[in-house]
Amino acid sequence: MSRSHCGGIKRLEFCCNHMLLRVLPSVYPRQPDTIHCHLGNLTAMMSQLESPEQQHLIRLIQIVAEQHPLMLSPQVPTLVGYLGDQSLTEALLGALVDVSQASPSSLVSFLPMLRIVGQQSPALLGHVAKIHGAVGIISEV
1 MSRSHCGGIK
11 RLEFCCNHML
21 LRVLPSVYPR
31 QPDTIHCHLG
41 NLTAMMSQLE
51 SPEQQHLIRL
61 IQIVAEQHPL
71 MLSPQVPTLV
81 GYLGDQSLTE
91 ALLGALVDVS
101 QASPSSLVSF
111 LPMLRIVGQQ
121 SPALLGHVAK
131 IHGAVGIISE
141 V
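All letters in the sequence shown, in the order written, are residues 1 to 141 by the UniProt record's numbering.
Structure representation (structure tokens):
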């Protein structure tokens, strides 16, 4: 793949080939620190990916959220920005629930947007309520 396809992620040698996104979820348990260093660039490239590649990246985000949710705190604005894509919303909200448990303050400013997501998709209200609950706990302290 040419450099022009890599855009702003040229520093990521392992991401210059989007096909490698398939293996990142299985690489993560063995090399989490390497992937943690590149989470910003990985999450930023979501909108440039085809649906199958997005699903591999979503799976990686879910694994990181489950195992090391604090690593995704800096990516919350980017992840919330992708909630408008219906094919990503449920999986991203699940990851954001995990992040909210570890770092509720990282989601405080996004509560209004999350409320709208819950209103537009009632099936996702459970995820939104969990995030609100986690953020509400820090508000009471």
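Positions of the beta carbon are idealized from the N, C-alpha and C atoms, including for glycine.
Distance, residue j Cα to residue i Cα
{"i": "Pro104", "j": "Gly136", "result": "8 Å"}
{"i": "Leu125", "j": "Ala134", "result": "14 Å"}
{"i": "Val76", "j": "Gly84", "result": "14 Å"}
{"i": "Pro69", "j": "Ala102", "result": "6 Å"}
{"i": "Ile63", "j": "Pro25", "result": "7 Å"}
{"i": "Val128", "j": "Asn41", "result": "26 Å"}
{"i": "residue 146", "j": "Glu50", "result": "Residue 146 lies beyond the range of the chain shown here (1 to 141); nothing can be said about it."}
Residue i - DSSP class collapsed to helix/strand/coil
{"i": "Ile63", "result": "helix"}
{"i": "His38", "result": "coil"}
{"i": "Gln31", "result": "coil"}
{"i": "Met19", "result": "helix"}
Close Cβ partners of residue i (< 7 Å) along its chain, the five nearest in sequence each way excluded
{"i": "Thr78", "result": "Thr43, Ala44"}
{"i": "Glu66", "result": "Asp98"}
{"i": "Glu90", "result": "Leu124"}
Reference residue i; option with closest CA among the options
{"i": "Met46", "options": "Cys37, Thr34, Arg59", "result": "Arg59"}
{"i": "Gln54", "options": "Leu21, Met113, Thr34", "result": "Leu21"}
Close beta carbons around residue i, own chain, < 6 Å, minus the five adjacent residues each side
{"i": "Ile61", "result": "Ala95"}
Proximal residues to residue i (C-beta, below 8 Å), its chain only, five neighbours per side dropped
{"i": "Leu88", "result": "Met46, Gln54, Ile58, Tyr82"}
Problem set entry | alpha helix (DSSP H) segments (min. 4 residues) lying fully within the region 104–141 | 111–120, 125–140
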